[in-house]
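Participant:
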Amino acid sequence: MEESIENILKKTEKRIEERIKEEKYEQRYLKNLDINEPVSVSDDAFPDASRVRVKDVKAGETAFWSAVYCEADKVEAERAFEHAGDCRAKEVKAGVAFSEAKNCQAEKVVADSAFYGAENCQADEVDADIAFPFAIDCQANKVKAEGVFARAKNCQVNKVEAKFHAFEEAEKFLVKEEIKSGKMGERSRGGVMLGEIKKGEIFPSVILMKDKVKDDPSKVKEFFENEMEKARNKEGNIFDKLSYFNWEGKTLEEGEKKLKERYDGFINVLFNRFKDEYYLAFLSMTETKFKKNFYLMLDNTLKKEGLKDSYFYYLVDDNSKRQEIFEGFFKSEKVEKKSLQELNDYLPKFKETKEHLNLLSLKNWVKLGNLAEFLNFDKKRIDNIKQDIEKVELGKMVENPDEFNNWKTAKKIKQFERLGKRFNTQQLIKEFEKEKEGKINSGIKEYILNSPEKNLDNYLKKIGWKGEENEDIIFAARLHKVLANKGETKNKEVLEKLLKGKNPLDFKENKLWLDEMKDKINAEKWLSHKQKDYVPIGKKDYSVSLEKSRAEQLNEVVRHFKEIGIEINPEIQEIEKIFSEKIKDMPQNIIKDIKNHIQAYKSGLGIEKSALPKKIILETEENPLKIIQMGEKVAGSCLAIRGGHEESAVCNAADINKKIIWAKDEKGEILGGILVGITDEGKLAQFRVFNNNPRLDVESCYKDFISEFAGELKTEITSKGNIKELVGENWYDDRVVKL
Numbered sequence: 023m024e025e026s027i028e029n030i031l032k033k034t035e036k037r038i039e040e041r042i043k044e045e046k047y048e049q050r051y052l053k054n055l056d057i058n059e060p061v062s063v064s065d066d067a068f069p070d071a072s073r074v075r076v077k078d079v080k081a082g083e084t085a086f087w088s089a090v091y092c093e094a095d096k097v098e099a100e101r102a103f104e105h106a107g108d109c110r111a112k113e114v115k116a117g118v119a120f121s122e123a124k125n126c127q128a129e130k131v132v133a134d135s136a137f138y139g140a141e142n143c144q145a146d147e148v149d150a151d152i153a154f155p156f157a158i159d160c161q162a163n164k165v166k167a168e169g170v171f172a173r174a175k176n177c178q179v180n181k182v183e184a185k186f187h188a189f190e191e192a193e194k195f196l197v198k199e200e201i202k203s204g205k206m207g208e209r210s211r212g213g214v215m216l217g218e219i220k221k222g223e224i225f226p227s228v229i230l231m232k233d234k235v236k237d238d239p240s241k242v243k244e245f246f247e248n249e250m251e252k253a254r255n256k257e258g259n260i261f262d263k264l265s266y267f268n269w270e271g272k273t274l275e276e277g278e279k280k281l282k283e284r285y286d287g288f289i290n291v292l293f294n295r296f297k298d299e300y301y302l303a304f305l306s307m308t309e310t311k312f313k314k315n316f317y318l319m320l321d322n323t324l325k326k327e328g329l330k331d332s333y334f335y336y337l338v339d340d341n342s343k344r345q346e347i348f349e350g351f352f353k354s355e356k357v358e359k360k361s362l363q364e365l366n367d368y369l370p371k372f373k374e375t376k377e378h379l380n381l382l383s384l385k386n387w388v389k390l391g392n393l394a395e396f397l398n399f400d401k402k403r404i405d406n407i408k409q410d411i412e413k414v415e416l417g418k419m420v421e422n423p424d425e426f427n428n429w430k431t432a433k434k435i436k437q438f439e440r441l442g443k444r445f446n447t448q449q450l451i452k453e454f455e456k457e458k459e460g461k462i463n464s465g466i467k468e469y470i471l472n473s474p475e476k477n478l479d480n481y482l483k484k485i486g487w488k489g490e491e492n493e494d495i496i497f498a499a500r501l502h503k504v505l506a507n508k509g510e511t512k513n514k515e516v517l518e519k520l521l522k523g524k525n526p527l528d529f530k531e532n533k534l535w536l537d538e539m540k541d542k543i544n545a546e547k548w549l550s551h552k553q554k555d556y557v558p559i560g561k562k563d564y565s566v567s568l569e570k571s572r573a574e575q576l577n578e579v580v581r582h583f584k585e586i587g588i589e590i591n592p593e594i595q596e597i598e599k600i601f602s603e604k605i606k607d608m609p610q611n612i613i614k615d616i617k618n619h620i621q622a623y624k625s626g627l628g629i630e631k632s633a634l635p636k637k638i639i640l641e642t643e644e645n646p647l648k649i650i651q652m653g654e655k656v657a658g659s660c661l662a663i664r665g666g667h668e669e670s671a672v673c674n675a676a677d678i679n680k681k682i683i684w685a686k687d688e689k690g691e692i693l694g695g696i697l698v699g700i701t702d703e704g705k706l707a708q709f710r711v712f713n714n715n716p717r718l719d720v721e722s723c724y725k726d727f728i729s730e731f732a733g734e735l736k737t738e739i740t741s742k743g744n745i746k747e748l749v750g751e752n753w754y755d756d757r758v759v760k761l
């Protein structure tokens, strides 16, 4: 600490002496006291105390802050035992309890946050909103919380009840008796569950030992307790190996032997074939730092050694899909590249962001989400932001606060000097560190919020765009990157050409089609823009209209189930139940489509009772960069980005035999949309109507518009027929319908 800070400490000595006289139990650095009477103070009680024994404590702010070797029966404070070491308490009630404490014990803790970042602590009963996040080597008997043991290491508990998450991203943990949790073990490593699962989703990274081995349950329990003790002592243990492989074997001896063989072979392969940074990276579990080409290179080597699932364990960032990948791999000896790309596409980038920021505001997440595909920001820049702010010292600020005008702490120093007041040294240091942390977070947040835009610029240059950015260009770039990640090579290339200004009529496939259609339709009318205005008509029975819209969503879900051989009733409860049971066995594109329809069903689709528009404008869309946004502009479409069939939007934009007709209000806001196409026989076919507001009778407007359009084309409307793929590929045929 700088000399100026020591001077501040000296200046506060008189104030400390005064407080000792005024408030018997508030002074700092009390030692070797045994107090049998209740203690109640307005702010801090026993900060920095050592070897103090007290019966009941009630403090307005902190109790036993940074204390060591202290004991209490009952403690009530805003913050209790924060940064404490080797302390004991029977009952604690606090906003924050045992945050970053070490070697502490408690019988009962009730808090908003309990044991945050604690090390080697024990508790009998904990009731908190958040319990044991970032904890290390901790133990508990019974824990009840919203979230439990997030990112904890080497922890064990008898009974756990978590509303949302238990052991999220945790490493090496043991649940001995019972678990109730919304989700358990998401993105965790080396977790073991011995007892009963009452409820919740358990991820494949958690080894469920109940009924897995024939040994006596008490023997299994003792075995894993001993292994957890080894983990806490930093000795070799079974949990290390379970971070790499699942348990195999009907007895403890057999399972331990198989794990050892596979682990030793795995490490041997890495050490001999892929030394240095790769070897160290695997051992330190930093799975997000690997590149795909290394995985693919490693794959063949590991397979030769009979280690089939090892690299997939690291490759799959979303643990909910890990078991699915394992099973598919064992059956086919391979996993399609498309699956690997999907697994490493979107979510990991958000995970990296959260590691740096912990939590962004909803507003910032929305802003970030708009450019989520371009989140490949520079981690080195983030580290530089941290280092620059961490270099600022309180001592220099005290010496010359005018140099730090943008710091609240500097303003407080100047204010105290101006008024001739004494500093509360510890409080000043605490506030300074808090402000420093806030500046680091805000600096990183600002950088991350700006970096997607810079990354977007770079991406656009990479694919050859040189003009000004606008909403259409940004959406097209996002779609282009999603298609690239999905391996949709043809449609990606087509979109790239459209981005650079190529017109659908420039593609030879479209020219050939027009030549085929010259005697079947009026091609000039088909290529020209058509628009017609309608007087808005509200549906007579809105509730019936809403139910009809919802029924359409359910019927689409039923159809998707039928595609994979499952008969189901169009009822939301049954759909959600069967969907949750069968999701592991369903193709990814159908999963996404069903999720979209369920979301659209639950949204109510325009249930708000705002004024109806003054007019409805139906018009054809000729701009391909507008057409690719159809899935984004209408509710419940699988053509939206990450909707499951986003590649089909490129076909609609590039293929000349397909056309989008928007429904808009007088302000240009999208009310709905429909895709129409020309069949091989030259007839006009239409697909389902997307209506963003079921209070409006958009369907009648479309019926009139399409009937008139067919007359202009000198053709007729059909409810069947084939519509070709021309320029794009993998076009999603959503079935021709009759209006």
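Add 22 to the 1-based position in the sequence shown for my numbering, that's all there is to it. Where a beta carbon is used, it is the ideal one built from N, C-alpha and C, also for glycine.
#1: Whose C-alpha, out of C660, N480, M652 and K736, is nearest the C-alpha of K788?
#2: Less than 8 angstroms between the beta carbons of K503 and E578, yes or no?
#3: Determine the direct distance from the alpha carbon of K413 to that of K472, and round the result to whole angstroms.
#4: DSSP three-state label for Q595, please.
#5: Going by DSSP, what residue range makes up the beta strand (DSSP E) through H187?
#6: Are the beta-carbon atoms of N142 and K164 separated by less than 8 angstroms?
#7: Which class does W269 belong to by DSSP, given the choice of helix, strand or coil?
#8: For the alpha helix (DSSP H) containing M250, name the first residue and the last one.
#9: Using a Cβ-Cβ cut-off of 7 angstroms (strictly less than) and excluding sequence neighbours within five positions of K514, which residues of its own chain qualify?
#10: For E113, which beta-bridge partners are listed by DSSP?
#11: Tell me where the beta strand (DSSP E) around W684 begins and ends.
#12: Could you check if D233 is buried or exposed, using at least 16 other CB atoms within 10 Å of its CB as the buried criterion?
#13: To the nearest angstrom, how far is the alpha carbon of K205 from that of N645?
#14: Where does Q437 sit, in a helix, a strand or coil, going by DSSP?
#15: How should E691 be labelled, buried or exposed, when 16 other C-beta atoms within 10 angstroms of its C-beta is the threshold for buried?
#16: Buried or exposed for D159, please, with buried defined as at least 16 other CB atoms from any protein chain shown within 10 angstroms of its CB.
#17: Do the region 696 to 713 and the region 734 to 749 touch if we need at least three Cβ pairs shorter than 8 angstroms?
#18: Would G750 and V698 qualify as a contact pair, given that the criterion is a beta-carbon distance under 8 angstroms?
#19: Quickly, what does DSSP pair T740 with across the bridge? List them, please.
#20: Excluding sequence positions up to five away, which residues of its chain have a Cβ less than 7 angstroms from the Cβ of S62?
#21: Measuring CA to CA, which of I600, I663 and H619 is closest to R572?
#22: Would you say the region 658 to 670 touches the region 531 to 540, given that touching needs at least three Cβ pairs under 8 angstroms?
#23: Looking at the strands, I want to know which residues DSSP matches up with S135.
#24: With a CB to CB cut of under 6 angstroms and the five nearest residues on each side skipped, what residues in its chain are close to W87?
#25: Report the three-state DSSP secondary structure of L748 (helix, strand or coil).
#26: Pop quiz: V228 and S203 are said to be a contact at Cβ under 8 angstroms. What is the actual Cβ separation, rounded to whole angstroms?
#27: I need the boundaries of the beta strand (DSSP E) containing L762, first residue and last residue.
#28: Considering only their Cβ atoms, is the gap separating E747 from D702 smaller than 8 angstroms?
#29: Would you kindly report the start and end of the unbroken beta strand (DSSP E) that includes E643?
#30: For the region 594 to 601 and the region 636 to 653, state whether three or more C-beta atom pairs, one from each stretch, are separated by less than 8 angstroms.
#31: Have a look at E588 and K617 and give me their C-alpha separation to the nearest angstrom.
#32: From what residue to what residue does the beta strand (DSSP E) around N163 run?
#33: Just checking my contact of L264 with F245 at CB under 8 angstroms: how many whole Å lie between their CB atoms?
#34: Does the region 404 to 420 come close enough to the region 460 to 467 that 3 or more CB-CB pairs lie under 8 angstroms?
#35: Suppose the cutoff is 8 angstroms on Cβ atoms and the five residues either side in sequence are ignored; what does the same chain contact list for Y285 look like?
#36: Per DSSP, what kind of secondary structure is F731 in: helix, strand or coil?
Facilitator: On the basis of the coordinates in this document:
#1: Here the chain covers residues 23 to 761 and nothing more, so residue 788 does not appear.
#2: Within the sequence shown, numbered from 1, the residue matching residue 503 stands at position 481. Within the sequence shown, numbered from 1, the residue matching residue 578 stands at position 556. No; because the gap between Cβ atoms is not below 8 angstroms, this pair is not in contact.
#3: Start at 1 with the first residue of the sequence shown, and residue 472 comes out as number 450. Start at 1 with the first residue of the sequence shown, and residue 413 comes out as number 391. Note that residue 472 corresponds to Asn in the displayed sequence, not to Lys. Rounded to whole angstroms, N472 to K413 spans 24 angstroms at the Cα level.
#4: Within the sequence shown, numbered from 1, the residue matching residue 595 stands at position 573. Three-state result, Q595: helix.
#5: Position 165 of the sequence shown holds residue 187. K175 to A188 is the extent of the beta strand (DSSP E) around H187.
#6: The sequence position of residue 142 within the sequence shown is 120, counting from 1. The sequence position of residue 164 within the sequence shown is 142, counting from 1. Result no, Cβ atoms of N142 and K164 do not sit closer than 8 angstroms.
#7: Along the sequence shown, read from residue 1 onward, the residue named residue 269 stands at position 247. If DSSP states are grouped into helix, strand and coil, W269 belongs with coil.
#8: The sequence position of residue 250 within the sequence shown is 228, counting from 1. Run containing M250: P239 to R254, per the alpha helix (DSSP H) assignment.
#9: On the sequence shown, position 492 is the one that residue 514 refers to. Within the same chain, K514 has close Cβ partners H502, L505 and A506.
#10: By 1-based counting over the sequence shown, the position of residue 113 is 91. Its beta-bridge partners are K96 and K130.
#11: Locating residue 684 in the sequence shown gives position 662, where the first residue counts as 1. Looking at the DSSP string, the run of the beta strand (DSSP E) that includes W684 is K680 to K686.
#12: Residue mapping note: residue 233 aligns to position 211 of the sequence shown, counting from 1. Exposed, because fewer than 16 other Cβ atoms sit within 10 Å of the Cβ of D233.
#13: Residue 205 sits at position 183 when you count from the first residue of the sequence shown. Residue 645 sits at position 623 when you count from the first residue of the sequence shown. Straight-line Cα distance between these residues: approximately 45 angstroms.
#14: Translated into the one-based positions of the sequence shown, residue 437 becomes position 415. Here Q437 sits in helix by DSSP.
#15: Against the sequence shown, residue 691 aligns to sequence position 669. Exposed is the call here.
#16: Here residue 159 is taken as the residue at index 137 of the sequence shown, counted from 1. It counts as buried.
#17: yes
#18: Counting from one through the sequence shown, the residue named residue 750 turns up at place 728. Counting from one through the sequence shown, the residue named residue 698 turns up at place 676. No, the pair does not count as a contact, with Cβ atoms beyond the cut-off.
#19: As a first step, residue 740 must be located in the sequence shown, where it is residue number 718. Partner(s): A707.
#20: Start at 1 with the first residue of the sequence shown, and residue 62 comes out as number 40. Cβ neighbours of S62 beyond the five flanking positions: K80.
#21: Locating residue 572 in the sequence shown gives position 550, counting from the first residue. Per the Cα distances, H619.
#22: no
#23: If you number the sequence shown from 1, residue 135 lands on position 113. DSSP output for S135 lists V118 and I152 as bridge partner(s).
#24: If you number the sequence shown from 1, residue 87 lands on position 65. Contacts found: P69 and E104.
#25: If you number the sequence shown from 1, residue 748 lands on position 726. DSSP places L748 in coil when its eight states are reduced to three.
#26: For the purposes of this step, residue 228 is taken as the residue at position 206 of the sequence shown. For the purposes of this step, residue 203 is taken as the residue at position 181 of the sequence shown. About 10 angstroms separates the two Cβ atoms, so there is no contact after all.
#27: Past the boundaries of the shown model lies residue 762; the chain is included only from 23 to 761, so the question cannot be answered.
#28: Translated into the one-based positions of the sequence shown, residue 702 becomes position 680. Translated into the one-based positions of the sequence shown, residue 747 becomes position 725. Not in contact: D702 and E747 (Cβ atoms no closer than 8 angstroms).
#29: Counted from its first residue, the sequence shown places residue 643 at position 621. Start and end: I638 to E643.
#30: no
#31: Here residue 588 is taken as the residue at index 566 of the sequence shown, counted from 1. Here residue 617 is taken as the residue at index 595 of the sequence shown, counted from 1. Looking at the sequence provided, one finds Ile at residue 588 rather than Glu. Approximately 17 angstroms between the Cα atoms of the pair.
#32: In the sequence shown, residue 163 corresponds to position 141, counting from 1. Q161 to V170 is the span of the beta strand (DSSP E), which, as asked, contains N163.
#33: In the sequence shown, counting from the first residue as 1, residue 264 sits at position 242. In the sequence shown, counting from the first residue as 1, residue 245 sits at position 223. The Cβ separation is near 13 angstroms, so there is no contact.
#34: yes
#35: Here residue 285 refers to the residue found at position 263 of the sequence shown. Only D262, K263, Y266 and F267 meet the Cβ criterion.
#36: Residue mapping note: residue 731 aligns to position 709 of the sequence shown, counting from 1. If DSSP states are grouped into helix, strand and coil, F731 belongs with the helices.
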